[in-house]
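Okay, so here's the structure we're looking at.
4 protein chains.
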Amino acid sequence: MSMRQLRAGIVGGGRGALIGAVHRIAAELDGEARIVAGAMSADPETARASAAAWQLDRCYDCYAAMAEGEAALEDGIDFVIVATPNHLHLPVAKAFLEAGIHVVCDKPLAASLDEAQAMRELVAASGRLFALTHTYSGYPMVREAKEFVASGRLGELRKVQVEYNQDWLMAPLERQGNKQAEWRMDPARAGISCCVGDIGTHAKHLVEFVSGRKLLSVCAELTSFVAGRQLDDDASMLLRLEGGARGTLVCSQIACGEENGLNIRLYGSKAGLEWHQVAPNTLHVKPAGESWRRFRAGSSYLGDAATRATRTPAGHSEGYLEAFANIYRDFMADLRRIEAGEAALRDYPGIEDGIRGMRFVQAAVESSRKGTVWVDL
Amino acid sequence: MSMRQLRAGIVGGGRGALIGAVHRIAAELDGEARIVAGAMSADPETARASAAAWQLDRCYDCYAAMAEGEAALEDGIDFVIVATPNHLHLPVAKAFLEAGIHVVCDKPLAASLDEAQAMRELVAASGRLFALTHTYSGYPMVREAKEFVASGRLGELRKVQVEYNQDWLMAPLERQGNKQAEWRMDPARAGISCCVGDIGTHAKHLVEFVSGRKLLSVCAELTSFVAGRQLDDDASMLLRLEGGARGTLVCSQIACGEENGLNIRLYGSKAGLEWHQVAPNTLHVKPAGESWRRFRAGSSYLGDAATRATRTPAGHSEGYLEAFANIYRDFMADLRRIEAGEAALRDYPGIEDGIRGMRFVQAAVESSRKGTVWVDL
Amino acid sequence: MSMRQLRAGIVGGGRGALIGAVHRIAAELDGEARIVAGAMSADPETARASAAAWQLDRCYDCYAAMAEGEAALEDGIDFVIVATPNHLHLPVAKAFLEAGIHVVCDKPLAASLDEAQAMRELVAASGRLFALTHTYSGYPMVREAKEFVASGRLGELRKVQVEYNQDWLMAPLERQGNKQAEWRMDPARAGISCCVGDIGTHAKHLVEFVSGRKLLSVCAELTSFVAGRQLDDDASMLLRLEGGARGTLVCSQIACGEENGLNIRLYGSKAGLEWHQVAPNTLHVKPAGESWRRFRAGSSYLGDAATRATRTPAGHSEGYLEAFANIYRDFMADLRRIEAGEAALRDYPGIEDGIRGMRFVQAAVESSRKGTVWVDL
Amino acid sequence: MSMRQLRAGIVGGGRGALIGAVHRIAAELDGEARIVAGAMSADPETARASAAAWQLDRCYDCYAAMAEGEAALEDGIDFVIVATPNHLHLPVAKAFLEAGIHVVCDKPLAASLDEAQAMRELVAASGRLFALTHTYSGYPMVREAKEFVASGRLGELRKVQVEYNQDWLMAPLERQGNKQAEWRMDPARAGISCCVGDIGTHAKHLVEFVSGRKLLSVCAELTSFVAGRQLDDDASMLLRLEGGARGTLVCSQIACGEENGLNIRLYGSKAGLEWHQVAPNTLHVKPAGESWRRFRAGSSYLGDAATRATRTPAGHSEGYLEAFANIYRDFMADLRRIEAGEAALRDYPGIEDGIRGMRFVQAAVESSRKGTVWVDL
């Protein structure tokens, strides 16, 4: 595979948006890519200041100009990062896909299932690569968990408990000038859900990623605990998965004291598994009738997937940025494969995960509106 | 209050039944009572051997004879402990209540809601004290949690997550000669539920005890993961509580690797709380916008309720037996109050908790049978 | 073995002394013994009030009268519990041993090594049983650790880290009316050390108990951090053990925030072990090149020693009182063996542990006084 | 300050040396620098392959040529990273300092105290910046701990317990072809100590960094547990610090099961602190008489130092690479200050820390050789 440094661009993620800096560090962490161009804000001044702060080679005022401009350059960007609010995912991705540029897109895929399906057609028509940043599947021990289940060591999956608890929206920040809260609580920009779309989709993706089982139906109650909200800030739901497994999914943005509490437990006929995002380098393994094992990232006894996703020896914690970089690494390896005329592996979250995520959001909202009934995805 | 040592009797709990030894240690721990009589098994030989092992003064072949015999003695038992399978709770309690003897009864209250209501009438008619052994409310830090919520420090309760996960029934022990599994999986002896009745009721009681809010409705799915079972070995449900709080309750007896995983988290508008039964001397307190506090049993900064329930200084772990003994201690204090002509405080789980527990079991089963719909308690 | 309930007496442990209640609960927990007589305080009023609170059959004003009185009774006590300050251990034990009564004695064994050696002669001459309450060796997982090492699974022992940190003496309580602090900081009653004698001896016993290796020499620094103290409130020392193992022992009563932090780690050529008294039902096992194992009290995979020391299934925490009761249980089993004409097993801390404990205190003090040099035990 | 991207070079750290990749990621993480030149191995083929893998602009066969070559270029490197075995630190740093190039050097500073002092003179004479990579002081919560102590909230420091336990040298890897083990166990390349020099210096630096107190003397025992070793693989020592504080320092490379267990506890007259490198985003704070606080990286209640050292919100773990990057960030900020004609702050480990580290190694070795006596630094 070619070793040249790839060129990336970014739309959104300007000053004040945490996720912009996260994308930059993650994309560049292994030295394989550099962000060289951006349309980092709808506000031209912010766009220019953000680009200058990052020393970008090329700064654009709008994404359309950027797609056109980069496509025209001989050394234009190889891929674009879409780090905008949800409602812009489709138009931005469209512009770049149609310009022949690969896309890395924030989740959820779009503001509605219709948009998501339109996105799928665009991706298919373009022949370009598409990655969706379900970051948490980049953690080494999440990959170990997936491999553990796939190898049969868990036995038949029976029960899943997944939860994603935060508290940053326990006050009405969207009415206090917080931009991140504003768009997430605005149906015009976020779509039909805040909490389920923003973090519930991560939890749902994690369940399917680790278990290798698709979610079939949900029975949900969505709530807005903070007065005056049009969208949910909390949800609880029952799950039915392929193969007869049952489970619960809880997500909340008003869970006082929780920072970013993404946790998963799986129970099979031979073993149980448990992983916590706040202590991501440990996977708890619970074989039936035996003592718990504490699997640790970087250890020699782990499988290939976890080992490939680790940069330092056991005991040197890796975290969120490295997990994010793992998604980029797999995506960029695919990009080099395509460039070399090889087949893409698509071993990172992609368009189909995005579609399923949007179906999940829609099913959860529908279930809750109908009085908490089972709705199939 | 009188300081004489109280005399207790026990029905059930003979050799092979763990709970018998637990009751004895708990009842006698503080030196306030001694078990002196028993009808410890329906099998006369087991009954005699069990009584001999405990050096009981009086051994009976059946509970009816025991109730009659003890009532006739001048120094007969002050109270009886009912440690039988569920279907015997009512007839045994009836015999003793009608003989004027106070009752401590295992949970769930009975094998059906009808029986539970009959029990309530019997208790009311007898004027005797009645305690239900929801042991977990005896832990010091559970009492601290209750006091924390009651004092307003949690703010308005929004969300609850409670779970009780075990794995001891992940194999079909009821067909392998395990007596404890046999009756629990037999509708004739256990009633309409195994898992929800056996441990779900503990979880539900814990939620109401700590939050001070009654559970209004449940939306549940009960499952029998092990083939051939008539009763549930697993359940997941959504909860609605008084005052608008929402939540989830998960209980399982097939959660591979879990020993006795009773955990509760509460989220309010001012703080969160978290407690785990396997590490019972710690209560995690999460005030909004501040660092987590780690409240520890035996510490000087705790409230009265926790302090009264602790026997050793901070750092000397107390456990399940001491929690159980706390239920007995409160019950016996009431018994001495009555003897002294004072009013009973009834500050331990009692007949109303039992009734609500049975309503909860019935509602959960009904919800699941109807396809997971909301059912009021 | 005889099943009659044994009769115990207690000297010291009256109102205000936590350890009295602990002894009573522990001695009586399994229903095998009852405390029936006591000389619970040098102050006659306290002695009477304490005896009344416990409903003792016989209350004495002084231990000498008690030893004489009990020896003269046909149903006098089988054994006495010595729960006094250190300087009284020898005279009290002497009185009872010479009266033919077995002894359970608090640690450290005495106020000096000379006294300790006198005690050893008295015990030998009396032919009576003698137990020293190194409580922590009563924990199931400490016994599992001992069995793990003895079985060879640890390999050759290389390194030990043991520590016992508390903070209750970080203020000068001995000058603020705290009786427990007063005698511990008074050389006339405590001997040549406070911290090393009071808790360092526990740590040292734990090392030898688990490792099966004797401590050969120490290189210590003792400190009094709180101004005006005659005795140490803190110590750190290097250790050399039989077989070439090395280690550290830290004990402190001024370690701000620590409750009762007795922790031990052992490192061998095949595995490591780690145990914490505040979470006593877990033993961390670290086999070379493999994932850590989490051994849990009550689990089926544990050895006999741990299993015999457990009363409840895994997940039902047992704590300090149950560990203490295990020491009593083993002692009482020996007492019944002797009564039945069998040989005593002496599988609990005894007079030799006490002697070694006093040698340890003396060596640590001497090492520190000489400027931190190696001193053999 | 200038925003141009800085140019770095590296000596050592070629293929097979973990630390090379760590330096690259850390130096480039924030986009402020790029490694453009290297003499990455004494073996020319490895040097070329390593440089190619990193797409370096300039590859050198030896560090002397590199120093000369880079100094001659208009766009030569701004600073060099010295990632060689200890005995090369001095000659390599010398070459670059004399060529007017700033230096970032691995710890320990050199192979002997004499070399270290020579290094100090070179640094002083050159007027160049010098950073020593005591990575662990780059963690946000270590900086919070330092600020906590400095603010007086700990009170008077009394006791310190620090330890750094690993197990990677529990087998004789140095005789099994492991390059990293080979040079560390070779006195000609590592100097007079392996374990104390390699990781004990980190532990010692951490104590001084957090406490703000200098280490005055040590009383140490160094051991080689694995047969045939010329240098120590384990050490235990007692510490005396400025202001009367006492403590222990344990370091080991044969502590079976430990990955990279750097832990520190401090006890003051007002509070205690505890931090563990394997869970680096949490700092345990233990105020006297109150409940423990759990300070978390990224939280709004933290001080400036921690906040500046954090890239993501609370709950998104940052790890070892980010801590390392923080050292680089502070160093590069100084470099830009100098370039802008401002005074350097030198708020990162530097030459004086290196000198003190070497004194510590020498004192520990001397203490052990003399039979474990107090030796001043």
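As they're listed, the protein sequences go chains A, B, C and D.
Position in the first sequence counted from 1, then plus 811, gives you the numbering used here.
Position in the second sequence counted from 1, then plus 811, gives you the numbering used here.
Position in the third sequence counted from 1, then plus 811, gives you the numbering used here.
Position in the fourth sequence counted from 1, then plus 811, gives you the numbering used here.
Think of the CB as a built atom: it goes at the ideal place given N, C-alpha and C, for glycine as much as any other residue.
For I1075/D, the enclosing beta strand (DSSP E) covers residues 1072-1079. With respect to the 9 Å criterion, E1070/C and G1109/B are classified as neighbours on the basis of their beta carbons. For W1103/D, the closest Cβ of chain B is nearer than 9 Å. Identification of residues in the region 970-997 of chain B having a C-beta nearer than 7 Å to some C-beta of chain C yields an empty set. When Cβ-Cβ separations below 9 Å define contact, W865/D makes contact with chain A. Across the structure, R826/B and E1163/A are spaced so that their CA atoms are roughly 58 Å apart.
Contact note: G842/A reaches chain D through R835, I836, E839, R845, I846, W865, Q866, using a C-beta cutoff of 9 Å and chain order. By the Cβ rule, the region 935-954 of chain A does not count as touching the region 932-947 of chain B, because fewer than three pairs are nearer than 8 Å. Inclusion of A862/D and G849/D in the CB contact set at 9 Å is warranted, their separation being smaller than that value.
The beta carbon of E1129/D falls within 9 Å of a beta carbon belonging to chain A, placing the residue at that interface. Cα atoms of W994/B and R1105/C: separation of roughly 32 Å, rounded to the nearest angstrom. Below 8 Å, enough C-beta pairs join the region 1045-1063 of chain B and the region 962-979 of chain A to call them touching: three or more. In the DSSP assignment, the residues bridged to K1097/D are G1083/D. The distance from the Cβ of R1122/D to that of A832/A is about 7 Å, consistent with a contact at the 8 Å cut-off.
9 Å or more divides the Cβ of L840/C from the Cβ of L1077/C. With a cut-off of 8 Å on Cβ pairs, the region 1084-1092 of chain C is not in contact with the region 1033-1052 of chain C, counting fewer than three such pairs.
Considering only beta carbons, the part of the region 1102-1122 of chain D lying closer than 8 Å to chain B consists of S1102, W1103, R1104, R1105, F1106, R1107, S1110, S1111, Y1112, in chain order.
When C-beta atoms of the region 1136-1147 of chain A are compared with those of the region 983-993 of chain A, fewer than three pairs fall below 8 Å, so the two segments do not count as touching. In the structure shown, the three-state DSSP call for I892/B is strand. Sequence-distant partners of E958/D (beyond 5 residues in either direction) whose C-beta falls short of 8 Å from its own C-beta, in its chain, are G1114, D1115, A1116, A1117. Contact of N1137/A with chain D is not assigned, every C-beta pair being separated by 9 Å or more. Put simply, of D917/A, A853/A, A819/A the residue whose alpha carbon is nearest the alpha carbon of A882/A is A819/A.
Taking a C-beta distance under 9 Å as the contact criterion, A1134/A and P1091/A qualify as a contact pair. Against chain C, a Cβ distance below 7 Å from E1032/D picks out L1049, R1057. Beta-bridge partners assigned by DSSP to K970/D: R1057/D, Y1078/D. Taking S1035/A as the centre and dropping the five residues before and after it, the same chain places the C-beta of D1043, D1044 closer than 6 Å to its C-beta, in chain order.
In the three-state scheme derived from DSSP, where H, G and I count as helix and E and B as strand, R859/B is classed as helix. By the CB criterion at 9 Å, Q1064/A and Q977/A fall inside the cutoff.
The beta-carbon separation of S1179/B and A1031/B, rounded to 5 Å, stays under the 8 Å limit for a contact.
M877/C is positioned such that its CB atom lies closer than 9 Å to that of A906/C. Per DSSP, reduced to three states, the secondary structure at G849/D is strand. Residue environment for R1170/B: buried (at least 16 other C-beta atoms within 10 angstroms of its C-beta). Shown here for V847/D: same chain residues with a beta carbon closer than 8 Å to its own, the five before and five after excluded, namely R818, A819, G820, L867, D868, R869, I888 in chain order.
The beta carbons of V822/B and A922/B sit no closer together than 9 Å. Under the DSSP assignment, V915/C falls in the beta strand (DSSP E) whose first and last residues are 913-916.
Of the candidates R845/A, W1185/A, G1008/A, T857/A, G1008/A places its Cα closest to the Cα of P919/A.
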